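Read the structure below first, then the notes.
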């Protein structure tokens, strides 16, 4: 009996721990956004200012040390957050918008339109994602515009499938037909009743997609296919410091840890949002 009570007591404890973890993850993301916005005012140094002493260990004057050119790593990471967040939000948002529009059209109209969308989605989904992403960016040239086009070209498929499935489900329930019978127009029914159901799915996936976009931007920047050289960006900072891994590991460790922490926090918030959407208030 005591073992049962003890086992039962673990459940509330796990819920509390999980809730605190989700709260901590959300707090870290909010802090990251605040740091990114206020970087020009709170960064201790200019991200491009070089020190004559060049490489310096973490110290009271440079909390995270400096890179090979004597630039303060903490300041560059603050500006890198600004760069990355300004890229990953549209990199996840544009595919969501495009995919939602295409999925709504395919699910609501059906017929040849639905068949064509499904065929195109199957073709794109069969492509090796990262190879195709690198090829697109390399063909269009380095820069934010190329990144956004490439992420949109590959990312709309999941959103289109999610929305199409939900729209077809709502449409097949007879709810849409009932609204048509009482005189509501197709666009009005679509906006007021169909899309709100579909957007719950896309909102959840959008959060997870932010993490994928963060990784994608960092990887492309690491291979010199992202932002311009010299621009503070986490992947670029790692690429610039990789040759100093043995003598200046902190130059790689700090931006690398930032990518991992942000990715974990985004995933945690996405898990919590998904659980809430499924009706679990504790985010289990």
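Residue numbers (my numbering): -1 to 282.
By construction, the Cβ of each residue, glycine as well, lies at the ideal position given by its N, Cα and C atoms.
Note that the structure is predicted; figures quoted are calculated from it, not measured.
{"Item": "Closest Cα partner of residue 207 within the set 231, 171, 267 and 192", "Value": "267"}
{"Item": "Between the CA atoms of residue 242 and residue 89 - distance to the nearest angstrom", "Value": "31 Å"}
{"Item": "Bridge partners - residue 269, DSSP secondary structure assignment", "Value": "Paired residue(s): none; residue 269 is not in a bridge."}
{"Item": "Meets three-Cβ-pair contact criterion under 8 Å: the stretch 66 to 79 and the stretch 40 to 57", "Value": "yes"}
{"Item": "CB of residue 246 within 8 Å of CB of residue 53, strictly", "Value": "yes"}
{"Item": "7 Å CB neighbourhood of residue 130 in its chain, flanking five on each side removed", "Value": "152"}
{"Item": "Classification of residue 284 by the beta-carbon crowding that lies within 10 angstroms, buried from 16 upward", "Value": "Lying before the first or after the last residue shown, residue 284 is absent from the chain, which here runs from -1 to 282."}
{"Item": "Local Cβ density within 10 Å of residue 106, reported as buried at 16 or more and exposed below that", "Value": "buried"}
{"Item": "Sequence-distant residues of its chain with Cβ nearer than 6 Å to residue 237 (five each side left out)", "Value": "220"}
{"Item": "Contact belief for residue 158 with residue 97 at Cβ below 8 Å, rounded distance in angstroms", "Value": "4 Å"}
{"Item": "Residue 122 versus residue 51: straight-line alpha-carbon distance, rounded", "Value": "50 Å"}
{"Item": "Limits of the alpha helix (DSSP H) - the one that residue 188 falls within", "Value": "Residue 188 -> no alpha helix (DSSP H), and no H or E assigned at all."}
{"Item": "Residues of its chain near residue 56, where Cβ-Cβ distance is below 7 Å and the 5 sequence neighbours each way are ignored", "Value": "62, 63 and 248"}
{"Item": "Cβ pair residue 196, residue 102 closer than 8 Å", "Value": "yes"}
{"Item": "Euclidean distance between Cα positions of residue 222 and residue 81", "Value": "15 Å"}
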